[in-house]
C-alpha cells in the first residue's frame, strides 16, 4: 500500500509537470476557453468510473447548505482558474508558468490565515516568502509580457486557493465527486463559449 502511494504520488507529479508544456502546444490551435473546457471535461470523464462504482453523494453538493460553496467551487476552480491560466500561458514560456503555479500554495496558505484563521509556523512563512521571491524573479526574466503573465497566473492560483478551501468545507462529498461536478459544469461552459468565439461547432478539426 505504501509503495502504491509513492508510485501514484510520483506519477501525479510527472503528469502535472508535463501538463503545462503540453497545454502550451495545444494553445497554438485552440483558444483559451476551448482548452480550459477540454481539460476540465477530461478530468470529469476520468472520474466517471468512480461515480458509477461507488456512492458518490452527488446530491450533497446541491443541498441548500452546500449550493453557495458548490457554485464557488465551480466558478473559481473550474471556470475562472483554468481560463486565467491559459491566458497567462499564451504570454510566457511553459517553464516560467510552471514555477508561477507554485503560487497556489502561497495563496492557499495566506487565505487560510486571513479568512479561516489557520496557524502557520515560521518555516511555512519562510517557504511562502521564498516562493513569492522566485515568482517575482521569474516574472522580470520574461520582460513585460512576463509580468502580465505572472499576474494572470497569480490570479488563477488565488481562484484555485478559494476552490481548495471551499472544497475542504464541503461535507460528505468526496474529492472525486467534487472534481466530476466541477469538470462537467465548468468544462462544458468554457468549451461552449470557446466554440462560439471561434465561430465553430466542433473542436476536433483544430486538434487533429
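In the numbering used here, the protein residues as written are 51 to 258. Positions of the beta carbon are idealized from the N, C-alpha and C atoms, including for glycine. Since we're looking at a predicted model, the values are computed, not measured.
Per-residue burial, residue i [other beta carbons within 10 Å of its own, 16 or more giving buried]
i	result
residue 81	buried
residue 227	buried
residue 253	For residue 253, the predicted structure reports a pLDDT of 48, less than 50, and the residue's modelled location is therefore unreliable. A value from the coordinates is still provided. It counts as buried.
residue 55	exposed
residue 258	The predicted position of residue 258 is uncertain, since its pLDDT is 38 and thus under 50; no value can be drawn from it.
residue 150	buried
residue 62	exposed
residue 98	exposed
residue 225	exposed
residue 255	Any reading at residue 255 must be qualified, since the residue scores a pLDDT of 47, below 50, and its modelled position is unreliable; no value is offered.
residue 115	exposed
residue 214	buried
residue 156	buried
Nearest-angstrom Cα separation, counted from residue j out to residue i
i	j	result
residue 100	residue 194	44 Å
residue 177	residue 184	11 Å
residue 65	residue 86	17 Å
residue 75	residue 232	24 Å
residue 199	residue 147	8 Å
residue 234	residue 175	36 Å
residue 212	residue 241	22 Å
residue 89	residue 203	17 Å
residue 249	residue 216	35 Å
residue 165	residue 84	33 Å
residue 141	residue 77	11 Å
residue 246	residue 171	48 Å
residue 70	residue 244	19 Å
For residue i, the first and last residue of its enclosing alpha helix (DSSP H)
i	result
residue 221	It is not in any alpha helix (DSSP H) - residue 221 carries neither H nor E in the DSSP assignment.
residue 54	52-76
residue 39	The structure shown does not extend to residue 39, since the chain spans only 51 to 258, so no value can be given for it.
residue 263	Any question about residue 263 goes unanswered here, given that the chain covers just 51 to 258.
residue 131	131-139
residue 149	144-150
residue 260	Since the first and last residues shown for the chain are 51 and 258, residue 260 lies out of range.
Where in the region 159-184 do unbroken runs of the alpha helix (DSSP H), each at least 4 residues long, occur, reported from the N-terminal end onward?
-> none
Whole alpha helix (DSSP H) runs in the region 190-249 with 4 or more residues, listed along the chain?
-> 194-218, 225-248
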